[in-house]
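Numbering (the working numbering), first residue to last: 1036 to 1740.
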């Protein structure tokens, strides 16, 4: 079969040329459509259920909300793990399914069970809802809304939150690939009716009557229509309250024909909903923020491009005195990662081309082999796009150009050698050239093909990995396999065709070329070594066994980790205050920490602290904990530290000057992955099981020490 492919390729150059042009076009188009991200998304297949009940304690949340929901989810098929967190005001349940279940079937199954669970939850205590369809890499764009200097009197935390919810969020929510815009911080406006007990008693009004009046009177109703020739008149009653004055005029009851209004028994004023989270930035107090969440499986690079383009329009629609400042953007990490990959691939490609031209001793042959690299990459990119493999550091960083050109080198070297056997100054016709190239390629077809097939087989076990290991390494194996398979096809078709077309048909004898001298130099070194090995076989065998044993012993003493930690370019600190600390205290402490970081470390560009929970509590934190996002300048601008580890050590030493606060240093994406996959942000977590909460709490404190 290989012989027929080679012969056809050499004798049908136009067909092969058209196929190569088609590959270039297909690959170039696929390059624009390829999903791009910085790292593989290793988040497990999970569905989160959140219930907001701001009036219940953690024990009541566990009893009335979390337990009924967990019970209804126990018998779902293919569930790997079921875990929950019950905090004051919130319940968060995470159901982890097997990856084979896909994304949407688990959500359908959970939605069915939630209907039954709602019936078990006492009325008025909350409604369970599923969180958006996102993943650990879903938080692609995070920003803050703040007030410019001189406009502080015009915009408070409530007004900023209103701008976030009604201007910014509404515009960002319509972007393709964005599943949710999660608001964080500020004060959510609400109308408060403050009842005066003395007035209630004097007018013989109960709290229940006030509730009923507010509920029944605050609505619009319709009355169909009446016909009065020649027109039809639609009947509607407008009773929806739009201002505090409208609420004050609501009738509670009639006493002896005199209406008793809300204002007679209560005060109506603007207020804000109970706060479970806050956001602060650069030591300047509270701000309001938003988190743009990407739909699971979307192209992060394309979504980021759309978000950044829309953000330009959003900024124009903001009131004067309000500004948006992004602090975590996935595009920054993606661009850094892709730049690293491009730089390494380009440098590796240039080195390979240089070595090929130098050692083959024929610049035309070297260029033929070198051209296989971009063509094989285009083939790999096309196949990645077909199979939905994301381009990232893991998938692209493992490509080895030496493996890619292996088959092409064998074919071209055989052809060049065959051509060198001709008489000096002889010139071949095109027909003779085709025959020579075909014959030379056929003789080494097995070496060229089976060498690359063996490499492909080596990567097959990696494709069998499952879970986190599979999500991490399978894309790498797929990409390398695509590239090698493309190189194999090219070495049997494109390389013989191009060799017959552009290699010199005139043979001129060259003695003492650079390549000959290099090969001769290594032969002089290798020949005595080879002779010694053949003469003293037992010594070589024993030395090999001893060397293997020594290396195995050394390997057993080495430490190990799953994969090296990727430097994301920014830092994340988990701030933990003593239990029971108020939200205001957490905001105050976060401001002090931000001042310490900004004043002592010129590497820090900005600091944003997220305290407590957002509007959609996918990341459930209590009010005494917070995430400090430390946005760093490029490493070329660092002055007080040379590495991330040194910078973290200095920061930790400086921040420990504030007593009573503990910290956990990590990175934004790494922290989010840990939280979603294990329920804990730290790399190491201890789970303590039991029925006695008091005893569990005591043992938890002991394990900490």
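We put the CB at the ideal spot given by N, CA and C, even for glycine.
| Item | Value |
| --- | --- |
| In whole angstroms, what is the alpha-carbon distance linking residue 1350 and residue 1316? | 19 Å |
| Just the Cα atoms here: how many angstroms apart are residue 1227 and residue 1069? | 52 Å |
| Since residue 1310 and residue 1211 are thought to touch, with beta carbons under 8 Å apart, how far apart are those beta carbons, to the nearest angstrom? | Rounded, the Cβ-Cβ distance is 33 Å, inconsistent with contact. |
| Tell me the start and end of each unbroken alpha helix (DSSP H) in the stretch 1626-1677 that is at least 4 residues and wholly inside, in chain order. | none |
| On the DSSP bridge list, what partners appear for residue 1605? | 1666 |
| Could you tell me which of 1519, 1328, 1408 sits nearest to residue 1059, measuring between CA atoms? | 1408 |
| How should residue 1700 be labelled, buried or exposed, when 16 other C-beta atoms within 10 angstroms of its C-beta is the threshold for buried? | buried |
| Could you check what DSSP says for residue 1294 in three-state terms: helix, strand or coil? | strand |
| Whole angstroms are fine: how far does the CA of residue 1683 sit from the CA of residue 1379? | 28 Å |
| Let's see if you can read the secondary structure: which residues bound the beta strand (DSSP E) around residue 1494? | Where residue 1494 is concerned, there is no enclosing beta strand (DSSP E), although the alpha helix (DSSP H) it sits in stretches over 1480-1498. |
| May I ask you to verify whether the stretch 1530-1538 touches the stretch 1417-1428, counting CB pairs closer than 8 Å and requiring at least 3? | no |
| Excluding sequence positions up to five away, which residues of its chain have a Cβ less than 6 Å from the Cβ of residue 1269? | 1260 |
| When the Cα of residue 1680 is compared with those of 1199, 1418, 1708, 1601, which residue comes out closest? | 1601 |
| I'd like to confirm the pairing. Which residues does DSSP put opposite residue 1086 in its beta bridges? | 1126 |
| Are the stretch 1180-1191 and the stretch 1302-1309 touching by the rule of at least three beta carbon pairs closer than 8 Å? | no |
| Counting pairs of beta carbons, one from the stretch 1445-1456 and one from the stretch 1465-1483, are three or more of them closer than 8 Å? | yes |
| On the premise that residue 1508 lies in contact with residue 1497, defined as a C-beta separation below 8 Å, what is that separation, rounded to the nearest angstrom? | 5 Å |
| Using only alpha-carbon positions, find the residue among 1529, 1324, 1254 that is nearest to residue 1174. | 1324 |
| What does the alpha-carbon distance come out to for the pair residue 1102 and residue 1723? | 18 Å |
| Going by other Cβ atoms of all chains shown within 10 Å of its Cβ, with 16 needed for buried, is residue 1232 buried or exposed? | exposed |
| From which residue to which residue does the alpha helix (DSSP H) around residue 1550 run? | 1549-1570 |
| Pop quiz: residue 1626 and residue 1318 are said to be a contact at Cβ under 8 Å. What is the actual Cβ separation, rounded to whole angstroms? | 5 Å |
| With residue 1480 and residue 1041 assumed to form a contact (beta carbons below 8 Å), what rounded beta-carbon distance in angstroms separates them? | 6 Å |
| Buried or exposed for residue 1528, please, with buried defined as at least 16 other CB atoms from any protein chain shown within 10 angstroms of its CB. | buried |
| Name the DSSP bridge partner or partners of residue 1262? | 1267 |
| At which residues does the beta strand (DSSP E) containing residue 1372 begin and terminate? | Counting along the chain, residue 1372 falls outside any beta strand (DSSP E), though it belongs to the alpha helix (DSSP H) covering 1365-1395. |
| I think residue 1219 touches residue 1156, with their Cβ atoms under 8 Å apart; what is that distance to the nearest whole Å? | That belief does not hold up - the Cβ atoms of residue 1219 and residue 1156 are roughly 27 Å apart, past 8 Å. |
| On the CB-based measure, 16 or more other CB atoms within 10 Å of its CB, does residue 1083 come out buried or exposed? | buried |
| Going by the beta-carbon positions, is the gap between residue 1369 and residue 1073 smaller than 7 Å? | yes |
| Counting C-beta neighbours from all protein chains within 10 Å, is the total for residue 1264 16 or more, i.e. buried, or is it exposed? | exposed |
| Measure from the alpha carbon of residue 1251 to the alpha carbon of each residue in 1287, 1047, 1603, then state which is nearest. | 1287 |
| Report the three-state DSSP secondary structure of residue 1176 (helix, strand or coil). | strand |
| Provide the residue span of the alpha helix (DSSP H) that contains residue 1724, from first to last. | It is not in any alpha helix (DSSP H) - residue 1724 carries neither H nor E in the DSSP assignment. |
| Please classify residue 1536: does DSSP put it in a helix, a strand, or coil? | helix |
| Taking the continuous beta strand (DSSP E) assigned at residue 1214, which residues delimit it? | 1213-1220 |
| State the DSSP-derived secondary structure class of residue 1311, mapped to helix, strand or coil. | coil |
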